[in-house]
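Residue numbers (my numbering): 1 to 638. Below: one structure, written as C-alpha cells.
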Amino acid sequence: MHFHHHGYVSGDPRVQPVAGVGVNRPNQLPDEVDVLIVGTGPAGMLTAAQLSQFPGITTRIVERRDGRLAIGQADGIQARSVETFQAFGFAERIIAEAYRITEMAFWKPDPLNPANIVRAARTLDDAHGISEFPHLIVNQARVLDYFAEVMANAPTRMSPDYGYEFRSLEVGEGEYPVTVTLVHTSGPDEGRERVVRAKYVVGADGARSKVRESIGCTLAGDQANHAWGVMDVLANTDFPDIRLKCAIQSHDGGSILLIPREGGHLFRMYVDLGEVPADDHGAVRRTTIEQIIAKANAIVHPYTVDVRNVAWHSVYEVGHRLTDRFDDVRPEEMGTRTPRVFITGDACHTHSAKAGQGMNVSMQDGFNIGWKLGHVLEGRSPESLLSTYSAERQVIAKNLIDFDKEWSTLMAKKPEEFASPSELEDFYVSTAEFPAGFMTQYAPSMLVGSPAHQELATGFTIGKRFKSAPVVRVCDTNPLHLGHQAKADGRWRIYVFADAATPVMDNEGTPSPAAELAGWLANAPDSPLAATPEGADADAWFDVKVIYQQDHTSIDINAVPDVFKPEVGPFKLSYLENVYGTDPAADIFELRGLDRGGVMVVVRPDQYVANVLPLTATAELAAFFAPILQGRQAAVSR
C-alpha cells in the first residue's frame, strides 16, 4: 500500500487519512445521500465497504436492529471470498481465527449392520489446488465486523445507522430521485417515520425484502418441500470425526451435514427433518431443539451426541427461488432509462445453506454493484454501466440455484437410491470449482471483451476472476502473489506481461513492445490513463503493473519505463513496487499460459478479467475503455 508518501505518519497503516465526506461526517442520518444501502448483511456491508473508499460519495447503510449482529446464520467462507477479503485487507486475520476445512468425510450405513453408520470415504477439500486460499468456517457476524472496520478506517469514516427499518420507496425525478420512507425501531423516536432522498438505493434486506417488493420484483421458483433443523452446539460425543466436515447418511434415509466451527468446540449440524407435506402450513417450523437433537442421535447411531449448550438453532425449508431482474427497470423500460434501485443477496436469490453459497454469492453481488456505483457517481463512467449489474449477476444466481438443487437432492437421497456407492463424494470432488466460487464467468459486454486474443493468456480466462500466481518484486526482492497486491480501491488493473527484452540501461532505446506500450500509456491522448483527473496521482484510476520474463536480479529498475513507476503524493515520489520479475520456482508465464511475445491482461476493480490483448493492441485497448470512461480521454487531452 501507499504509506508515508504524504510524509512520515506514526500510526496504523490500515487507517486511511480522512477525506471528502468523511471530514466532519454527521452522526445523524442526513436527509439526502448519494447511496442508501438497506441491510447490514454480507452483501450490504461489502457494498458499503467498497463505496467507503470513494471520498466524494455520501453513502449510508441502515439496519433495523439496534446494533451489530451477535450471531450470524451463515458460516461457510469459500476460497473466492477469502480472495475478496485479501483485497479488503483482512484475509490473514480472519484465516487465523476461522476453522479451516482440509478434508471432508462421508459416512454411510454399515453394510454388515445398516443400523450403524461407518466412514466410507475421505476427500481433500481442494484436491485440484484451485486457490492458494483455504475454505473457512467462521461466524457471519465476524465477517460483518471486519467490513465494519474497513468502513471505519476508510477516508469516509463510514459506520452503519442502526435502528431504521425500511418501509417503502418511490422513484421520481430530480438530483435525488428516490424517496425512501424509514421508521425508527428503537430509542426515543421509536415508531416515528423518517424520509431520506437518495440518488441510488441498494436493497440488501434479505429473503423477505421490502425493497424488492417496492420495485415490483417477486421471487419465483420451487415451493419448499424439504425441511432441515440446524443447530450450533457444544457437546461431548464419541463420534470420531466431530472436527471434520462430514456428510452423514443413515439407514432410514435421514442425513446430517456436520460443519465444525471456529474455536475448537462449537459445531453445526444440519439435520434432515424429511419431506414437508403440502398441508403442513408451517408446522415443521415448530420442531423443537430437543426433537432436532434426538433426530441427530438417531442418525449417528451407534455414536451419541450429548449436547451441553445450544448457541443458536433454527428450522428452515429448502426452497430455490430467483427474481428475473436485480434492479428497478422493468422489461418494458429497458433501453429507456438506467436503474436507480438494486437488490442483492437473499433479496434476489434463495436456496439451501448446505452448499455454503449464500453469503459468498451475496458478497460478490455487493462487490459488483459497489464499484460500479462509485465510478458512476464520481463521473468516471456513464450511468449505462449500472445496467450491467443485473445482467451479470442474475445469470450467476441462476447457475447457483441449479447447482444447489442437485446438491440438496443428493443430500436428501436414501443410500439405496444412489446410482453408485460413491456418487455423493464423486459429485463433491468433481464440482469443487463451482462452490469454491471460481466458475463465475461474465459474458462479453461493455465491461468484458471478446475472447479474440484469449490464446495469449490461457490461464487468465476473460470474464473469470484473475487467478493469482507467484512473482518476485524487483525493488525489494520479495516473493509475492501478484493478485494479492490488488486492493479493493476501485481501480482498474492493467497487467503488462512483458516481451523477452530485458530492461537494462545499456539497451535503452532498443525497440521493445513493452517499452513502446509504456510510452503510449503515458503520453497518448486516447490512453485510458489520460482520463485521470488533473492534480490526482498518476495511478489514481489505473494501477499499471509490469511483469518481466527474467528473474529480479536481471532487471535494472532505472531502465524500467516511468509509467510503471508512477509519481505519487505531494512530494512526487516514484512508486517502485509495481515492477516484478518471475519466480524461478514458479514461472507465472508458464503457470498461466502467457505468450512470450508479451500480453496485456486488463482486470476490473472486482478482480474479474476484462480483456486480454497483445502489447501492440493499443487501439483495441483504447476502444475497450472508451465507453467505460465516458469519453474522458479526449476531454482531458483537450
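Built from N, CA and C at the ideal position, the CB exists for glycine as well.
Item	Value
Helix, strand or coil at residue 635 [DSSP, three-state]	At residue 635 the pLDDT is 44, less than 50, meaning the model places this residue with poor confidence; the figure from the coordinates comes in the next sentence. Correct three-state label for residue 635: helix.
Supposed contact pair residue 630 and residue 382 - C-beta distance, whole angstroms, cut 8 Å	5 Å
Cβ neighbour criterion (16 or more within 10 Å) applied to residue 552	buried
Cβ pair residue 25, residue 157 closer than 8 Å	yes
Contact belief for residue 183 with residue 167 at Cβ below 8 Å, rounded distance in angstroms	5 Å
Proximity to residue 477 [Cα-Cα], best of 571, 578, 461	578
Straight-line Cα distance separating residue 245 from residue 307	18 Å
Test item: CB-CB of residue 18 and residue 38 under 8 Å	no
Buried versus exposed call for residue 440 [16 or more other C-beta atoms within 10 Å across all chains shown]	buried
Spatial distance of residue 262 from residue 628 (CA atoms)	43 Å
Exposed unless 16 or more other CB atoms sit within 10 angstroms - verdict on residue 146	buried
Terminal residues of the alpha helix (DSSP H) in which residue 293 lies	289-299
Test item: CB-CB of residue 342 and residue 324 under 8 Å	no
Nearest residue (CA-CA) to residue 468, options 160, 482, 457, 175	482
CA nearest to the CA of residue 503, picked from 494, 518, 491, 495	518
Simplified DSSP assignment, three categories, for residue 81	helix
Best match in 257, 474, 465, 536 for proximity to residue 559 [C-alpha to C-alpha]	474
Residue 227, enclosing alpha helix (DSSP H) - first and last residue	Unbroken run through residue 227 is the beta strand (DSSP E), 226-237; no alpha helix (DSSP H).
Helix, strand or coil at residue 437 [DSSP, three-state]	coil
Straight-line Cα distance separating residue 316 from residue 278	15 Å
Span of the alpha helix (DSSP H) around residue 543	It is not in any alpha helix (DSSP H) - residue 543 instead sits in the beta strand (DSSP E) that spans 542-547.
C-beta atoms of residue 56 and residue 33 nearer than 8 Å	no
Residue 219, buried or exposed, once every other Cβ within 10 Å from all chains shown has been counted against 16	buried
Residue ranges of each beta strand (DSSP E) within the segment 579-627, 3 or longer	579-582, 599-603, 609-614
Residue 406 classed as buried or exposed, judged by whether at least 16 other C-beta atoms fall within 10 angstroms	exposed
Residue 571 burial status per 10 Å Cβ neighbour count (16 or more: buried)	exposed
Sequence ranges, beta strand (DSSP E) only - wholly within the segment 317-357, length at least 3	341-343
Residue 117, DSSP secondary structure in three states	strand
Residue 473 - DSSP class collapsed to helix/strand/coil	strand
Same chain only: Cβ atoms within 6 Å of residue 635, ignoring 5 sequence neighbours per side	Low confidence applies here, because residue 635 scores a pLDDT of 44, under 50, leaving its location unreliable and the question unanswered by this model.
Bounding residues of the alpha helix (DSSP H) (the contiguous stretch that carries residue 147)	140-153
Assumed close pair residue 59, residue 35 - CB separation to whole angstroms, cut-off 8 Å	4 Å
Inter-stretch contact at 8 Å, needing at least 3 Cβ pairs: the segment 614-624 / the segment 371-390	no
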